[in-house]
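In my numbering, the protein residues as written are 698 to 1042. We put the CB at the ideal spot given by N, CA and C, even for glycine.
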Amino acid sequence: MEFPVIPLINETKRNEAAERQNSLTKPTGSMGRLEELSIDIAGMTGRIAPELKKRSVFLMAADHGIVREGVSPYPAEVTPQMVMNFLNHGAAVNVLTRQSHSDVMIVDIGVNYDFPDMPGLISRKVAKGTGNMLDGPAMTRPQAEEALQVGIDVLNEAADRGLELAATGEMGIGNTTSAAAITAVLCGKAPAEVTGRGTGLDDAGLARKVAIIEKILDVRKPDAFDPMDILCKIGGFEIAGMAGVTIAAASRSIPLVMDGLISTAAAALADALVPGVRNYLIAGHRSPEAGHRFLLEKLGKYPLLQLDMRVGEGTGAALAFNLVDAANNILREMATFESAGISNR
């Protein structure tokens, strides 16, 4: 599979943004991470303090065969039910995207359900869920490539319509199992270190989930140095789709805000597939899922928020859109020492 080229960050615009930050009516560096964020965005977009009005959360939905092993307290039927909730504008991500004046693009990339034609649903189904990772690979290589291409295509279609800021979100019962397994391989950690409670497992359920991931890694043996092998053996269609969105966003110089564990696992795979992707990533928040901090450390990203959110869907990323706006607004609208007639000596 041939991937798009990732452009270099615009260092000239980064430097210009940094110079303007130092000219604003405040002590140097006093706006902290917001200053860094505005400088990063200037480098990503090649524009100083862009308004980034056209923004979307790309929410990929798919099912996982591993659910049959009892890794989630919720049944697989919840995946299509939640997709309907998104379409009816009743989920957390709908609330937070309304607040941040952004869209939700809902993509059925692998739900084990036949949806009718519905406004707002993008149907790009690769298959009706992945295989049970204990019995065989999650997907074939052609399926993995198709799912990556779906993500690339939906991002490019939106970019052609003027998209300026992107985020990834997901829905798929059982997908924290896949994401934890991916995290263990990419970060070189034991499953017990990176596996969390997902949608609310009790202690016994968590222990079972860890044991299942340990067995999956033992029998599948994904190659830590081959991201396609990892994706095929232990991935999910929605994870592949988000990785495709992430790669395409970087190729179009569009900043992409990561959400929680699953979104960040997809981004880490994207960066492993196409080096340079990480330069266009923003960490929206850090979830309490055990493996999330290891992925953020691997990517060299510090989260904007830490509110113990773990609902997924792109909620943390949608909330972080507001901080992206704040960072750019400060750089654009704040007076300089010169314009305000204030001495900075």
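- request: For the alpha helix (DSSP H) holding L731, just list the boundary residues, first then last.
  value: R730 to T742
query: From this set, T961, A904, A969 and V974, which residue's C-alpha is nearest P682's C-alpha?
result: One cannot answer for residue 682 here, as it falls past the ends of the chain, which runs 698 to 1042.
- prompt: Beta carbon of A855, beta carbon of G932: below 8 Å?
  reply: no
query: For I763, which option in P724, G869 and V882 has the closest C-alpha, if you only look at C-alpha atoms?
result: G869
message: Taking 6 Å as the limit between beta carbons, can you name the residues of its chain near P888, skipping five residues before and five after?
response: A881, V907, I910 and E911
query: Which stretch, first to last residue, makes up the beta strand (DSSP E) that contains M955?
result: L953 to M955
- prompt: Just the Cα atoms here: how many angstroms apart are T874 and A947?
  reply: 27 Å
- prompt: Taking only runs of the beta strand (DSSP E) that begin and end inside the stretch 916-990, which ones reach a length of at least 3 residues, in chain order?
  reply: 953-955 and 978-980
field: Collapsed DSSP secondary structure at S700 in the structure displayed
entry: At residue 700 the sequence reads Phe, which differs from the Ser that was named. The answer is coil: DSSP assigns F700 none of H, G, I, E or B.
query: Measuring CA to CA, which of A759, A1032, R711 and Q796 is closest to I819?
result: A759
- prompt: Count the other CB atoms within 10 Å of the CB of T709; is the residue buried (16 or more) or exposed (fewer)?
  reply: exposed
- prompt: Among the residues of its own chain, which have a CB less than 6 Å from the CB of G743, if the five just before and after it don't count?
  reply: N707 and K710
- prompt: At which residues does the alpha helix (DSSP H) containing E843 begin and terminate?
  reply: R838 to D857
query: In its own chain, which residues sit with a C-beta less than 6 Å from the C-beta of G893, not counting the 5 before and 5 after it?
result: E986 and A987
query: Does the pairing of the stretch 746-755 with the stretch 796-806 give three or more beta-carbon distances under 8 Å?
result: yes
task: Throw me the rounded Cβ distance for the R717 and L1028 pair, which I believe falls under 8 Å.
output: 6 Å
task: Report all residues from its chain with a CB closer than 7 Å to the CB of R983; omit the five preceding and five following residues, and keep chain order.
output: H989, R990, L993, P1000 and Q1003
- request: Determine the direct distance from the alpha carbon of A1024 to that of V804, and round the result to whole angstroms.
  value: 30 Å
message: Quick check on the burial criterion: 16 or more other C-beta atoms within 10 angstroms. Buried or exposed for G1009?
response: buried
- prompt: Going by DSSP, what residues sit across from F1018 in a beta bridge?
  reply: Its beta-bridge partners do not exist; DSSP assigns none.
- request: Can you give me the Cβ contacts of G767 inside the same chain, cut-off strictly under 7 Å, excluding the 5 residues immediately before and after it?
  value: R905
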